[in-house]
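See below for the structure under consideration.
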Amino acid sequence: MRYLINVVHEGPIDEQSVPAEMYEAMGGFVAKLAADGILIDGAGLEPTEKATRVNLRDGEVKVVDGPFAEAKEWVGGYFLVQCRGQDEAVEIAKHSIELHRKHVPGMNVVHEVRRIIDEE
Amino acid sequence: MVERVDGVHRTVEAVWRTESARIIAVLARTVNDVGLAEDLATDAVVAALEQWPAEGVPDRPAAWLMVTAKRRAVDRIRRDQNLKGKYERIARQLEASGEGEDPIAEADAQLDDDIGDELLRVVFCACHPVLSPEARATLTLKVAAGLTTGEIARAYLTGESTVAQRIVRAKRRLAAAGVTFEAPSAAEFGERLEAVLEVVYLVFNEGYTATSGDDLMRPQLCEDAQRLAQRLTVLLPDQPEVLGLAALLDFQASRSRARTDSGGDPVPLPEQDRAKWDGLLVRRGRATLHRAGAWADRAGSYVLQAAIAACHARAAKAEDTDWVRIAGLYSRLLEVQPSPVVALNRAVAFGMAFGPERGLAMVDEVADLPALKGYHLVPAVRGEMLERMGRRSEARSEFEHAAELTDNSREKGQLSRRCGEPQ
Numbered sequence: 197m198r199y200l201i202n203v204v205h206e207g208p209i210d211e212q213s214v215p216a217e218m219y220e221a222m223g224g225f226v227a228k229l230a231a232d233g234i235l236i237d238g239a240g241l242e243p244t245e246k247a248t249r250v251n252l253r254d255g256e257v258k259v260v261d262g263p264f265a266e267a268k269e270w271v272g273g274y275f276l277v278q279c280r281g282q283d284e285a286v287e288i289a290k291h292s293i294e295l296h297r298k299h300v301p302g303m304n305v306v307h308e309v310r311r312i313i314d315e316e
Numbered sequence: 213m214v215e216r217v218d219g220v221h222r223t224v225e226a227v228w229r230t231e232s233a234r235i236i237a238v239l240a241r242t243v244n245d246v247g248l249a250e251d252l253a254t255d256a257v258v259a260a261l262e263q264w265p266a267e268g269v270p271d272r273p274a275a276w277l278m279v280t281a282k283r284r285a286v287d288r289i290r291r292d293q294n295l296k297g298k299y300e301r302i303a304r305q306l307e308a309s310g311e312g313e314d315p316i317a318e319a320d321a322q323l324d325d326d327i328g329d330e331l332l333r334v335v336f337c338a339c340h341p342v343l344s345p346e347a348r349a350t351l352t353l354k355v356a357a358g359l360t361t362g363e364i365a366r367a368y369l370t371g372e373s374t375v376a377q378r379i380v381r382a383k384r385r386l387a388a389a390g391v392t393f394e395a396p397s398a399a400e401f402g403e404r405l406e407a408v409l410e411v412v413y414l415v416f417n418e419g420y421t422a423t424s425g426d427d428l429m430r431p432q433l434c435e436d437a438q439r440l441a442q443r444l445t446v447l448l449p450d451q452p453e454v455l456g457l458a459a460l461l462d463f464q465a466s467r468s469r470a471r472t473d474s475g476g477d478p479v480p481l482p483e484q485d486r487a488k489w490d491g492l493l494v495r496r497g498r499a500t501l502h503r504a505g506a507w508a509d510r511a512g513s514y515v516l517q518a519a520i521a522a523c524h525a526r527a528a529k530a531e532d533t534d535w536v537r538i539a540g541l542y543s544r545l546l547e548v549q550p551s552p553v554v555a556l557n558r559a560v561a562f563g564m565a566f567g568p569e570r571g572l573a574m575v576d577e578v579a580d581l582p583a584l585k586g587y588h589l590v591p592a593v594r595g596e597m598l599e600r601m602g603r604r605s606e607a608r609s610e611f612e613h614a615a616e617l618t619d620n621s622r623e624k625g626q627l628s629r630r631c632g633e634p635q
């Protein structure tokens with residue numbers, strides 16, 4: 197089974213407040229997931245200031261460049277994992293959350309675990 | 213409350229799945245024995261099942277299990293007269309290491325350390341040649357792939373007590389044979405590695421041959437094998453056959469959605485809907501195979517099989533398949549793995565690359581080999597070639613013959629359809 201774990205941030209992040217230890221710890225964690233054959237793919241995303249939204253609203257298509265004033269939550273990255281079930285995916289998410297808590301205590305972040313639909 | 217206990221139970225299983233191999237590896241290093249390490253880790257899981265529902269799941273569950281396993285180890289050694297003599301020194305060590313200021317943080321650090329060497333030893337012990345292939349697979353799934361005894365039982369369609377017994381016997385056998393927690397010597401490394409890869413491939417095929425109606429646990433074995441293979445590529449990055457096997461499994465698994473139709477009948481490779489192939493697995497397989505390419509001159513059977521699978525994966529349409537290249541790869545495969553089935557597949561590839569006459573001649577060269585006697589694919593392949601040559605009635609009788617030879621009802625049906633007979 198595959199799960200997409202979206203790393204969702206709330207509010208702005210001051211890049212300076214993220215210590216080098218966090219990047220190091222996250223790098224180690226990702227390497228461990230890969231070494232365990234769990235990680236299929238994963239990456240961080242560029243900030244939403246550089247993003248573009250293609251909207252369809254009431255039949256009208258609008259292309260809007262970031263930053264988006266109304267956005268409170270934004271996806272900062274993702275893990276695509278293959279594991280036996282949701283409990284395991286949740287454990288992976290919890291592990292990553294623990295790293296956030298330990299290294300960037302002030303940060304609010306959500307890990308949303310979503311099962312990828314298998315058409316099988 | 214029941215729901216809560218159930219939720220904790222699932223959490224424990226999930227933690228076991230991701231962390232047990234590391235926990236067992238670290239414990240095995242301490243007690244110099246994989247079997248005992250597995251016992252201790254299992255003890256810790258029992259403790260978790262008792263304590264977590266009331267106390268809540270700890271923040272660092274893996275470290276908690278490790279600390280608990282160590283404490284249980286000390287208790288057990290002190291209580292058990294047999295263990296006492298042998299392990300008293302270890303008990304003292306464990307006690308000292310568990311009494312630091314923050315044992316959880318210490319255990320966490322131990323689990324984060326580079327324990328690749330220990331993980332590898334766990335796998336080599338579980339796949340030790342003193343064990344039967346079946347025992348090797350069972351023990352490997354338990355100590356290196358994080359499956360619970362119940363999960364292994366469901367995957368192998370057998371009872372939990374049977375699997376538990378098998379594990380106990382395997383551990384006894386290792387102890388009786390004096391197998392300690394060591395890596396194989398340089399002299400026996402090649403052979404021992406071959407045994408490990410064989411176990412991983414065996415587990416994969418166990419899942420791959422499961423039909424869609426089976427319990428999902430069986431197809432899941434494919435993912436377990438892929439996980440083991442991936443881990444081995446990190447532990448043994450310079451072994452081309454390890455990379456070859458990991459790539460091969462990814463390529464094969466990439467087709468799992470396309471290889472049976474809605475009725476469960478197998479769909480032959482050329483007729484598969486390639487849009488259903490799993491692009492992410494193809495990509496990972498290709499990247500892994502690419503790493504093995506550095507040793508192309510001494511490519512072994514897994515690398516060559518993966519290279520053949522990569523040729524198929526590369527073709528967007530069946531007609532685009534590079535059969536000339538595949539035929540060449542089969543010739544090399546036949547050199548390193550001279551088996552009749554490989555020879556037959558090679559004939560098919562040559563038939564596709566250079567015309568059915570050539571293919572038919574090559575089939576006939578190997579058709580009389582004792583190993584292929586009564587093998588339904590021989591007439592099936594002959595029928596295929598004859599049909600392509602326009603010799604329809606000869607082809608039909610070959611398909612008829614093939615249908616008689618196979619026991620698999622689905623294959624029988626498919627072959628019969630090709631004879632143009634009502635079923």
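Protein sequences, first through last, are from chains Z and L. Residues 197 to 316 (the working numbering) are what the first sequence spells out, left to right. Residues 213 to 635 (the working numbering) are what the second sequence spells out, left to right. Think of the CB as a built atom: it goes at the ideal place given N, C-alpha and C, for glycine as much as any other residue.
Exercise. For the alpha helix (DSSP H) that contains L/Tyr413, what are its first and last residues?
Worked result: Ala398 to Tyr420
Problem set entry | N- and C-terminal bounds of the alpha helix (DSSP H) containing L/Trp187 | Shown here, chain L extends from 213 to 635; a query on residue 187 of chain L therefore has no answer.
For this session: Check each residue of the region 236-265 of chain Z: if its Cβ is closer than 8 Å to any Cβ of chain L, include it; give the result in chain order.
Result: Ile236 and Asp237
Exercise. Cα separation between L/Glu225 and L/Arg381?
Worked result: 23 Å
For this session: Please work out which residues of its chain come closer than 6 Å, Cβ to Cβ, to L/Glu612, disregarding the five sequence neighbours upstream and downstream, and give them in chain order.
Result: Cys631
Problem set entry | With 16 other Cβ atoms within 10 Å as the buried cut-off, status of L/Ser424 | Residue confidence for L/Ser424 is low, a pLDDT of 48 falling below 50, so the modelled location carries little weight; the figure read from the coordinates is stated next. Exposed, since its Cβ has fewer than 16 Cβ neighbours within 10 Å.
For this session: Check whether the region 300-310 of chain L touches the region 267-276 of chain L, counting contact only when three or more Cβ pairs, one atom from each stretch, lie closer than 8 Å.
Result: no
For this session: Could you give the DSSP three-state label for L/Pro478: helix, strand or coil?
Result: strand
For this session: With DSSP as the reference, label L/Lys719 as helix, strand or coil.
Result: Residue 719 of chain L lies beyond the stretch modelled for chain L, which goes from 213 to 635, so this question has no answer here.
For this session: Could you say which of L/Val355, L/Ala398, L/Val578 and L/Phe566 lies nearest to L/Leu248 if we only look at CA atoms?
Result: Comparing Cα-Cα distances from L/Leu248 to each of L/Val355, L/Ala398, L/Val578 and L/Phe566, the minimum goes to L/Val355.
Exercise. Do the region 297-306 of chain Z and the region 247-256 of chain Z make contact, defined as three or more Cβ pairs closer than 8 Å?
Worked result: Short answer: they don't touch.
For this session: With Z/Ala239 as the anchor, note down where its beta strand (DSSP E) starts and where it stops.
Result: Here the beta strand (DSSP E) through Z/Ala239 covers Leu235 to Gly240.
Exercise. Mind listing which residues of the region 268-302 of chain Z have their C-beta closer than 9 Å to chain L's C-betas, in chain order?
Worked result: Leu276, Gln278, Cys279, Arg280, Gly281, Gln282, Asp283, Glu284, Ala285, Val286, Glu287, Ile288, Lys290, His291, Glu294 and Arg297
For this session: Return the first residue and the last residue of the alpha helix (DSSP H) that L/Pro538 is part of.
Result: The identity of residue 538 of chain L in the sequence shown is Ile, whereas the question assumes Pro. That run of the alpha helix (DSSP H) goes Trp535 to Val548.
Exercise. Residues of chain B with CB under 9 Å from L/Ala441, in chain order?
Worked result: No chain B is present in this structure, whose protein chains are Z and L.
Exercise. What are the complete alpha helix (DSSP H) segments, minimum 4 residues, inside the region 299-364 of chain L?
Worked result: 315-324, 328-338 and 345-355
Problem set entry | Own chain partners of L/Ser621 with C-beta closer than 8 Å, once the 5 adjacent residues on each side are dropped | none
For this session: With distances taken Cα to Cα, identify the nearest neighbour of Z/Glu242 among Z/His299, Z/His291 and Z/Ile209.
Result: Z/Ile209
Exercise. Taking one C-beta from the region 538-546 of chain L and one from the region 482-496 of chain L each time, how about it: are there three or more such pairs within less than 8 Å?
Worked result: no
Exercise. Do L/Leu457 and L/Leu414 have their C-beta atoms within less than 9 Å of each other?
Worked result: no
Exercise. Any beta-carbon of chain Z closer than 9 Å to the one on L/Glu483?
Worked result: no
Exercise. From L/Glu453 to L/Val548, what distance separates their C-alpha atoms?
Worked result: In a straight line, the C-alpha of L/Glu453 is about 12 Å away from that of L/Val548.
For this session: For L/Glu435, go through chain Z and note every residue whose CB falls closer than 7 Å to its CB, in chain order.
Result: Gln278
For this session: Could you tell me which residues DSSP puts in a beta bridge with L/Thr472?
Result: In the DSSP output, where bridge partners are listed per residue, L/Thr472 has L/Pro478.
For this session: Please state if the CB of L/Gly595 and the CB of L/Ala607 are separated by a distance shorter than 9 Å.
Result: Cβ atoms of L/Ala607 and L/Gly595: closer than 9 Å.
Problem set entry | Residue range of the beta strand (DSSP E) that includes Z/Leu276 | Glu269 to Gln278
Exercise. Taking C-beta to C-beta, are L/Leu332 and L/Leu447 nearer than 9 Å?
Worked result: yes
Problem set entry | Beta-carbon spacing of L/Cys337, L/Val391 below 9 Å | Note that the C-beta distance between L/Cys337 and L/Val391 is below 9 Å.
Problem set entry | L/Leu353 versus L/Arg404 - alpha carbon distance | So the two alpha carbons sit approximately 17 Å from each other.
Exercise. In whole angstroms, what is the alpha-carbon distance linking L/Arg153 and L/Ser466?
Worked result: Residue 153 of chain L lies beyond the residue range present for chain L, which begins at 213 and ends at 635; the question has no answer from this structure.
Exercise. Which residues bound the beta strand (DSSP E) around Z/Asp261?
Worked result: Glu256 to Asp261
Exercise. Quick one: what does DSSP say L/Ile520 is sitting in, helix, strand or coil?
Worked result: helix
Problem set entry | For Z/Val309, three-class secondary structure by DSSP | The answer is strand: DSSP assigns Z/Val309 an E or B state.
For this session: Look up L/Glu531 in the DSSP assignment and say whether it is helix, strand or coil.
Result: Secondary structure of L/Glu531 (DSSP, three-state): helix.
For this session: Using the DSSP secondary-structure output, state which residues sit across from L/Arg594 in a beta bridge.
Result: Beta-bridge pairing links L/Arg594 to no other residue.
Exercise. In the region 213-246 of chain L, which residues sit with their C-beta less than 7 Å from some C-beta in chain Z, listed in chain order?
Worked result: Arg222, Thr223, Glu225, Ala226, Val227, Arg229 and Thr230
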